[in-house]
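Each remark here refers to the structure printed beneath this line.
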Amino acid sequence: MLTARPRWVCVLEHASGHGPIRQALGNGKDAVMNKLQKLERKSRKLEDKFRFRLSAFARRESANRDAANDAPEDEESERKKTSMTDGEYRRRIKELRGMHDTLVACMECIETNTTKVLQDQEKDLMRAFRARMQDVARELEHQRELKGDYSMELQARHDEMLVDLRASRELAQSFERRNEQLEGERKGLAEALEAQEDDRWRLLEELGTVVTLPGAAKVSSGLPSSGTSGGSNDVLLENSGGSGDRANADIGGGSTARTRMTNLAYERELRYRKTIDALRDRINSDKLSLKYLREAIDQQLRQRSEIEVFLQQCIDDVKNEISLYQKQQCQRATGDQRLSPGYSGEGSLGLGDATPMTDSIDTVHDLDRERALELLLGQERIVQVLHQKIMEGRDRHDRSIYDNLAHEPSGSFPSQVQLWSREAAVRGLISEELLPRLLLCSGPDYAIHDVIRGSSTNRGGTFDIGDVAVQSFPIDASLSNGYRYELTLRPAMWDDPQLSDEFQTTPQAGAYDISKAFEKGVFVPPPEPEKPPIRGYSGVKQTSYKEFPFVNYFDLHALDYPRCRDHLIGLAALTGNFRQAIGFLFARGYGNIDDASRAFDAFSRGDYVVCATLLPERFHAASEVLQSLSAGATWREAFLACEASERYISSGLGWIWNGVASRRVTLSRSVLPGDLIMPPDADTPFIVQNAEDARRYTLSQVVLPLNLLDKSLLPTSIGNFPSAIIATIHQAGDLTEIPPKEKFRPLVSNARSVYIDPVDGGALRVSFTLNSGSYADVAMREVCGDQILCKSEEGPRKVELNLLRMFPDICFL
Numbered sequence: 001m002l003t004a005r006p007r008w009v010c011v012l013e014h015a016s017g018h019g020p021i022r023q024a025l026g027n028g029k030d031a032v033m034n035k036l037q038k039l040e041r042k043s044r045k046l047e048d049k050f051r052f053r054l055s056a057f058a059r060r061e062s063a064n065r066d067a068a069n070d071a072p073e074d075e076e077s078e079r080k081k082t083s084m085t086d087g088e089y090r091r092r093i094k095e096l097r098g099m100h101d102t103l104v105a106c107m108e109c110i111e112t113n114t115t116k117v118l119q120d121q122e123k124d125l126m127r128a129f130r131a132r133m134q135d136v137a138r139e140l141e142h143q144r145e146l147k148g149d150y151s152m153e154l155q156a157r158h159d160e161m162l163v164d165l166r167a168s169r170e171l172a173q174s175f176e177r178r179n180e181q182l183e184g185e186r187k188g189l190a191e192a193l194e195a196q197e198d199d200r201w202r203l204l205e206e207l208g209t210v211v212t213l214p215g216a217a218k219v220s221s222g223l224p225s226s227g228t229s230g231g232s233n234d235v236l237l238e239n240s241g242g243s244g245d246r247a248n249a250d251i252g253g254g255s256t257a258r259t260r261m262t263n264l265a266y267e268r269e270l271r272y273r274k275t276i277d278a279l280r281d282r283i284n285s286d287k288l289s290l291k292y293l294r295e296a297i298d299q300q301l302r303q304r305s306e307i308e309v310f311l312q313q314c315i316d317d318v319k320n321e322i323s324l325y326q327k328q329q330c331q332r333a334t335g336d337q338r339l340s341p342g343y344s345g346e347g348s349l350g351l352g353d354a355t356p357m358t359d360s361i362d363t364v365h366d367l368d369r370e371r372a373l374e375l376l377l378g379q380e381r382i383v384q385v386l387h388q389k390i391m392e393g394r395d396r397h398d399r400s401i402y403d404n405l406a407h408e409p410s411g412s413f414p415s416q417v418q419l420w421s422r423e424a425a426v427r428g429l430i431s432e433e434l435l436p437r438l439l440l441c442s443g444p445d446y447a448i449h450d451v452i453r454g455s456s457t458n459r460g461g462t463f464d465i466g467d468v469a470v471q472s473f474p475i476d477a478s479l480s481n482g483y484r485y486e487l488t489l490r491p492a493m494w495d496d497p498q499l500s501d502e503f504q505t506t507p508q509a510g511a512y513d514i515s516k517a518f519e520k521g522v523f524v525p526p527p528e529p530e531k532p533p534i535r536g537y538s539g540v541k542q543t544s545y546k547e548f549p550f551v552n553y554f555d556l557h558a559l560d561y562p563r564c565r566d567h568l569i570g571l572a573a574l575t576g577n578f579r580q581a582i583g584f585l586f587a588r589g590y591g592n593i594d595d596a597s598r599a600f601d602a603f604s605r606g607d608y609v610v611c612a613t614l615l616p617e618r619f620h621a622a623s624e625v626l627q628s629l630s631a632g633a634t635w636r637e638a639f640l641a642c643e644a645s646e647r648y649i650s651s652g653l654g655w656i657w658n659g660v661a662s663r664r665v666t667l668s669r670s671v672l673p674g675d676l677i678m679p680p681d682a683d684t685p686f687i688v689q690n691a692e693d694a695r696r697y698t699l700s701q702v703v704l705p706l707n708l709l710d711k712s713l714l715p716t717s718i719g720n721f722p723s724a725i726i727a728t729i730h731q732a733g734d735l736t737e738i739p740p741k742e743k744f745r746p747l748v749s750n751a752r753s754v755y756i757d758p759v760d761g762g763a764l765r766v767s768f769t770l771n772s773g774s775y776a777d778v779a780m781r782e783v784c785g786d787q788i789l790c791k792s793e794e795g796p797r798k799v800e801l802n803l804l805r806m807f808p809d810i811c812f813l
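When you line the sequence shown up against the UniProt record's numbering, it's residues 1 to 813, in that order.
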């Protein structure tokens, strides 16, 4: 079929050579020939398939041609059969059109009816939804009211249970001491009983010796034995001196002496018998009483108390949890070993190889014991049993327990804890030269301004905004970020109590009297109703409040007011006086009620164990310090071991930051060379070099470092003001390693979306938005001028405005 031969075949035919080359060329030729034959077979198959399809196509075309020739005749005959007139055609078209219009009208009616039905169903659903919403709202309001009442009841019950629990602990301690005393008495009685048994046997041995002595005496003297009397006479003869002299005496006198000695021996023998009978009766009675005592002890040991049964169950539950956890850990460790490349399958522990737990409570950890106690106290029956045991004879043991725990006063501690004095505390921490240079924003019951002038601590200014509401929910201002604050201010009166310098306490709730504000002429409503009714020292400054910033002080809540201790504790620690810092924790003042007074007295005597026993549970930081002191730690180690030490240090640094901020604002209300500037899009501040650069920035971009102990971060615009304080604080050493929560804090802040509107009752409603880290208390000072705010007794989120007491000098922009 193929006549042309490939070129390479010709080349191979004319190729010369021998050996492997010729053999390789021969093999390649055979392979090519085989492939050529396969292609020829495939080509023949394709030609056969083409011929078959061509014949099928020809047959199909001929059939179609025949059908096309016969089609016109069939169509013509069909048209003749179905021919109709024009009238019939129009009539049928009209009928079809009428039927079509009827169908369209029915479809439109169905759509209209469906729309009406859906609208009615939607209205019914909306009415049902509104009714359900009203029911849910009423039920929610009812639940809120019930929740408030129930929470108060639960809180009161919780407080009662805490008091009962403390009393039960004291009662348990007294029972334990009584048990130890009875155990000592029992041991003494057992020893006495054993001694009586030894005395009885000794007397019996002596009695046997006395009975055998007369026979031996008669044998040695050559006299006949005459029973018991003779034996007694022999004993008397032996005891009497000079038996040879009696042999030389006359017979009459000898018989009289013998009769007298016989009677004495008989009487002595009777006394011996009576003594032996009395001792035997006493031994029998002691044995009987000991038997009864043993039976009572055995019965008491067999009859386990209900609390012991519950405690054993809780301990078993905790042990089961520990055993299950150990098995899981063992399984996990075994799985890790099997996955490791060097695992050989030997030495691994299975579930059955886990070490079983013993029945002793010493096999578990302290946390496991606490878990057992939690399970025990979580049962209602245990609480009832403890309450019953506590209330029985509680008044009888209350005072005696404290007397038994008390110790003699220590020589290194004062005999009485002095009352809390913030003025003395500040003067003890800050020198007289530094006090005039610290212009702090405010104080709990005084200001630094009052300390400098030497005024009493009950005549300063306070600022407590009470509950702050954000969208009807209370919130911490320090954690807010763009939240909305809504406050209500009302005029109030204040009756200042004249207190002595020794006791400084907060005013009672009865000192607030809003109704007397109008009677005494303190509050006069303005004639124009559109103006706010409250007027302060400078009036309500809504315009300036929106346009100008305010100093971004740490508010009183941030420094743990009204107790005012966290920042003083931090200052004492920063200056290296850790003993005074710990002493502030145990000083009487705000928040310390009578249940902690005895514990504070014990701390003043140096009895840390007694103080820890009597200290209420809410004093967590003080309990941690007492635990460290009882273990022999120093004042510094005990303070640093407390978890709240970082909070105290941060509060102390915040107190100093307020003073530095006041100092900076008094210098100028514009940017100065040496200020730290924090641009909005930057992470680290930079120092302004000259006045030309200062004019390009605003006061809202000025920041102050919170960690004033780092000299590299201090701005130079305030001069050498913090140097003396920093030199004092650097005595604390490694306390500088405790960083504050923020590295830098803006000097001023702004309030956005400020609205001040009068409401009914002569009140004022203030709403505004603050940035993150700004406090609503500080912002409200710009609204109220230099007046104070106190908590309201009328309801939540109400703030009382007092017009009689004024703030000390406070820096406002």
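Beta carbons: idealized from backbone N, C-alpha and C, even for Gly.
{"Query": "Beta-carbon proximity list for glutamine 701, same chain, < 7 Å, skipping 5 on both sides", "Result": "Ile677, Met678, Pro679"}
{"Query": "Segment limits, beta strand (DSSP E) that includes valine 702", "Result": "702–705"}
{"Query": "Best match in Phe639, Ala192, Pro715, Asp48 for proximity to alanine 622 [C-alpha to C-alpha]", "Result": "Phe639"}
{"Query": "Residues that DSSP places opposite serine 749 in a beta bridge", "Result": "Phe550"}
{"Query": "Beta-carbon proximity check, tryptophan 635 vs arginine 579, cutoff 8 Å", "Result": "yes"}
{"Query": "Closest by C-alpha distance to threonine 275, when choosing among His158, Thr212, Glu206, Asp298", "Result": "Glu206"}
{"Query": "Alpha-carbon spacing of arginine 53 relative to arginine 41, whole angstroms", "Result": "19 Å"}
{"Query": "Given 8 Å, three or more beta-carbon pairs between the region 643–662 and the region 680–699", "Result": "no"}
{"Query": "Span of the alpha helix (DSSP H) around tyrosine 608", "Result": "608–614"}
{"Query": "C-alpha distance - cysteine 314 paired with glutamate 295, whole-angstrom precision", "Result": "30 Å"}
{"Query": "For phenylalanine 57, three-class secondary structure by DSSP", "Result": "helix"}
{"Query": "Length of the line joining the Cα atoms of phenylalanine 586 and methionine 152", "Result": "29 Å"}
{"Query": "Local Cβ density within 10 Å of phenylalanine 600, reported as buried at 16 or more and exposed below that", "Result": "buried"}
{"Query": "Contact under 8 Å by Cβ, alanine 633 with valine 551", "Result": "no"}
{"Query": "Simplified DSSP assignment, three categories, for isoleucine 718", "Result": "coil"}
{"Query": "Helix, strand or coil at phenylalanine 50 according to DSSP, with G and I counted as helix", "Result": "helix"}
{"Query": "Closest by C-alpha distance to arginine 268, when choosing among Asp675, Val703, Asp316, Val210", "Result": "Val210"}
{"Query": "Beta-carbon proximity list for glutamate 346, same chain, < 7 Å, skipping 5 on both sides", "Result": "For glutamate 346, the predicted model reports a pLDDT of 40, less than 50, meaning its position is unreliable; a value from the coordinates is still stated below. Counting only Cβ-Cβ distances below 7 Å, and skipping sequence neighbours, we find nothing."}
{"Query": "Segment limits, alpha helix (DSSP H) that includes arginine 664", "Result": "645–667"}
{"Query": "Closest residue to serine 650 among Glu617, Ala195, Leu568 (Cα-Cα distance)", "Result": "Leu568"}
{"Query": "C-beta contact flag for glycine 570 and leucine 653 at 8 Å", "Result": "yes"}
{"Query": "Beta-bridge pairing of leucine 676 - partner residues as DSSP gives them", "Result": "Ile687, Val703"}
{"Query": "Beta bridge counterpart(s) of threonine 85 as assigned by DSSP", "Result": "None, per the DSSP bridge assignment."}
{"Query": "Cysteine 106, buried or exposed, once every other Cβ within 10 Å from all chains shown has been counted against 16", "Result": "exposed"}
{"Query": "Collapsed DSSP secondary structure at residue 820 in the structure displayed", "Result": "Any property of residue 820 remains undetermined from this structure, which presents the chain solely from 1 to 813."}
{"Query": "Candidates Ala172, Glu617, Cys611, Ile656, of which the one nearest threonine 575 by Cα", "Result": "Ile656"}
{"Query": "Of the listed residues Arg130, Ile297, Ser289, Asn284, nearest to leucine 182 (C-alpha basis)", "Result": "Ile297"}
{"Query": "Proximity of arginine 749 and proline 549 at Cβ, strictly below 8 Å", "Result": "Residue identity differs from the one stated: residue 749 is serine in this sequence, not arginine. Yes."}
{"Query": "Neighbourhood of methionine 33 by C-beta, 8 Å cutoff - its chain only, sequence neighbours within 5 removed", "Result": "none"}
{"Query": "Alpha carbon of leucine 288 to alpha carbon of glutamate 308, nearest angstrom", "Result": "31 Å"}
{"Query": "Sheet register partners of phenylalanine 578 (DSSP bridge)", "Result": "Its beta-bridge partners do not exist; DSSP assigns none."}
{"Query": "C-alpha gap between arginine 745 and serine 774, whole angstroms", "Result": "10 Å"}
{"Query": "Where residue 814 falls, given that 16 or more other Cβ within 10 Å makes a residue buried", "Result": "Lying outside 1 to 813, the shown extent of the chain, residue 814 is not represented and no answer is given."}
{"Query": "Valine 671 and tyrosine 697 closer than 8 Å at C-beta", "Result": "yes"}
{"Query": "Buried or exposed (CB count within 10 angstroms, at least 16 for buried), alanine 190", "Result": "exposed"}
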